[in-house]
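Numbering (my numbering), first residue to last: -15 to 277.
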Amino acid sequence: MSPAAMSPVATSGDPVLLNNGVAMPRVGFGVSEVRDTEAAVGEALRTGYRSIDTAEVYGNEDGVGAAIAASGIPREELFVTAKVWNDDQGRDRALRAAERSLDRLGLDHVDLYLVHWPTRYRDRCLQTWDAMETLLADGRARAIGVSNFRRSHLERVIGLGGTVPAVNQIELHPWLEQDDLRAVHAERGIVTEAWSPLGRGMLLHEPVITAIARRLGRSPAQVVLRWHLQQGTVVIPRSSTPERIAQNRAVHDFALTAEDMLAISTLDVADGAGRIGPVPDDPAPDDLVAARG
Ligand SMILES: NC(=O)c1ccc[n+]([C@@H]2O[C@H](COP(=O)([O-])OP(=O)(O)OC[C@H]3O[C@@H](n4cnc5c(N)ncnc54)[C@H](OP(=O)(O)O)[C@@H]3O)[C@@H](O)[C@H]2O)c1
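Okay, structure coming up:
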């Protein structure tokens, strides 16, 4: 971890500014596998979350849309992220997928639209990015980005010379710190967003984390979220439990020390072995053309 990463930033809860000037909340609510989407998103919005992370593949965009509609919160106060799934890569399919998502969400635009996973195939990747740029240009997405991209995937898209992804949403938590990829993001002005920021709850029993939590009178989840925020990472913890939903947002009024940050960082498992989710493929050689469809 760099010395800059150890300083307590983001204590105010101010949003992060994306590379096109759009403001994104640093703490959002993730809805993958949430038990009752409409109830959980409704609870999150009442608690004060203004950023919701969803995707077509989660199968619950309609629940997100219903909760947003019922909340009465003005659209401009909300930040909604959606994602195009792997089956819908390619220009036309991606555009149609975005329309379906907007329809289910009951919105005329999302704030951030992401390519959910990279494809190994160059032509498909570039066609999908072309669709993303169309959505950005016509206002159906206020910002566009990617998810689960490695350096090689980012270089492929950036090499087009067009829009640089605003965000890369990646698996990131104390067992998988992704220092190399975060350095690439910093070089390119891409915001790092952590999925499974709590390691799906599994790392909350780590003695290093529970000891810091006891000392600060905070929960282990709050300590882990604070560790992310102090490195400038955007987080989207998920919970179906009202008390935890509230707790996960109450992370702006305390700070970890540099020693705490370093201690948590010792939990990183070498060679990416702390990964919980799938490993993104490297791209295939650039002359490999995907089957159409
Ligand atoms: N782009 C991608 O490929 C990708 C992949 C995975 C996830 N995501 C996004 O990232 C979001 C978050 O990741 P995730 O859902 O995998 O995992 P996570 O947020 O790291 O962890 C969720 C788990 O932690 C528990 N938990 C939450 N708050 C807690 C607290 N304060 N104390 C104790 N336990 C707590 C939850 O249990 P309860 O629900 O029982 O409270 C749940 O089991 C997803 O919902 C999704 O939006 C994106």
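Heads up, the beta-carbon is just placed ideally off N, CA and C, and yes, glycines get one too. All figures in this text were calculated on a predicted structure; none of them were measured in a lab.
(request) Per DSSP, which residues does I128 bridge with? Please list them. (result) DSSP output for I128 lists Y97 as bridge partner(s).
(request) Say yes only if the C-beta of H212 is nearer than 7 angstroms to one or more non-hydrogen atoms of ligand 1, and no if none qualify. (result) False, no ligand heavy atom lies under 7 angstroms from that Cβ.
(message) Here's a check: name, in chain order, each residue in its chain whose Cβ is nearer than 8 angstroms to the Cβ of R19, leaving out the five neighbours to either side.
(response) If we look at R19 and ignore the five residues flanking it on each side, its Cβ neighbours are S224.
(message) Considering Cα atoms alone, identify which of G43, G256, P221 and P204 is closest to D244.
(response) It is P204.
(request) Would you mind listing the alpha helix (DSSP H) stretches within the region 160 to 207 that are 4+ residues and don't spill past its ends, in chain order? (result) Whole alpha helix (DSSP H) segments, 4+ residues: 163 to 172 and 191 to 200.
(request) Would you tell me roughly how many angstroms separate the C-alpha atoms of D95 and R88, rounded to the nearest one? (result) Their backbone Cα atoms lie some 15 angstroms apart in a straight line.
(message) Could you compute how far the alpha carbon of P158 sits from the alpha carbon of H212?
(response) If you take the alpha carbons of P158 and H212, they lie about 9 angstroms apart.
(message) Taking the beta strand (DSSP E) that D37 belongs to, which residues open and close that run?
(response) Segment S35 to D37, the beta strand (DSSP E) holding D37.
(request) Tell me whether Q215 counts as near ligand 3, meaning its Cβ is closer than 7 angstroms to at least one heavy atom of that ligand. (result) The model depicted lacks ligand 3 and carries ligand 1 instead.
(request) Enumerate, from N- to C-terminal direction, the unbroken beta strand (DSSP E) stretches of 3 or more residues contained entirely within the region 20 to 72. (result) DSSP runs (the beta strand (DSSP E)) wholly in the region 20 to 72: 35 to 37 and 63 to 68.
(request) Measure the C-alpha to C-alpha separation of E45 and G146 and round it to an integer number of angstroms. (result) Taking the CA atoms as reference points, E45 sits about 29 angstroms from G146.
(request) Report whether the distance from the Cβ of H100 to the nearest heavy atom of ligand 1 is below 7 angstroms. (result) H100 Cβ: within cutoff of ligand 1.
(request) Report buried or exposed for P267, applying the criterion of at least 16 other Cβ atoms within 10 angstroms of its Cβ. (result) Flag for P267 reads buried.
(message) Helix, strand or coil, according to DSSP, for L213 in the structure here?
(response) L213 falls in the helix class under three-state DSSP.
(request) Excluding the 5 residues preceding and the 5 following D72 in the sequence, name in chain order all residues of the same chain whose CB lies nearer than 6 angstroms to its CB. (result) A78 and A81, listed in sequence order.
(request) With a threshold of 16 other CB atoms inside 10 Å of the CB of D37, please say whether the residue is buried or exposed. (result) Burial check for D37: the Cβ neighbour count within 10 Å reaches 16 or more, so the residue is buried.
(request) For G261, count neighbouring Cβ atoms within 10 angstroms of its own Cβ and tell me buried if that reaches 16, exposed if not. (result) So G261 counts as exposed.
(message) By the three-class DSSP mapping on this structure, what secondary structure does L137 have?
(response) According to the sequence as given, residue 137 is His; it is not Leu. Looking at H137 - three-state DSSP - the assignment turns out to be helix.
(message) Helix, strand or coil for I260? Go by DSSP, reduced to three states.
(response) I260: coil per DSSP, three-state reduction.
(message) Relative to the C-alpha of A121, which candidate in N4, S131 and N132 has its C-alpha closest?
(response) The candidate whose alpha carbon is nearest that of A121 is N4.
(request) Examine ligand 1 and report whether any of its heavy atoms sits within less than 7 angstroms of the Cβ of W179. (result) Correct: W179 has its Cβ closer than 7 angstroms to ligand 1.
(request) List the residues that DSSP assigns as beta-bridge partners of M8. (result) Note: M8 sits in a beta bridge opposite V0.
(request) Would you kindly check if the distance between the Cβ of A197 and the Cβ of V175 is under 8 angstroms? (result) Contact: no.
(message) Taking 7 angstroms as the cut-off, is the C-beta of I220 nearer than that to any heavy atom in ligand 1?
(response) Yes, the Cβ of I220 comes within 7 angstroms of a heavy atom of ligand 1.
(message) If I follow the unbroken alpha helix (DSSP H) through E155, where does it start and stop?
(response) Segment V151 to E155 is the beta strand (DSSP E) holding E155; no alpha helix (DSSP H) there.
(message) ligand 1 and T241: does any heavy atom of the ligand fall closer than 7 angstroms to the residue's C-beta?
(response) T241: no, Cβ never under 7 angstroms from ligand 1.
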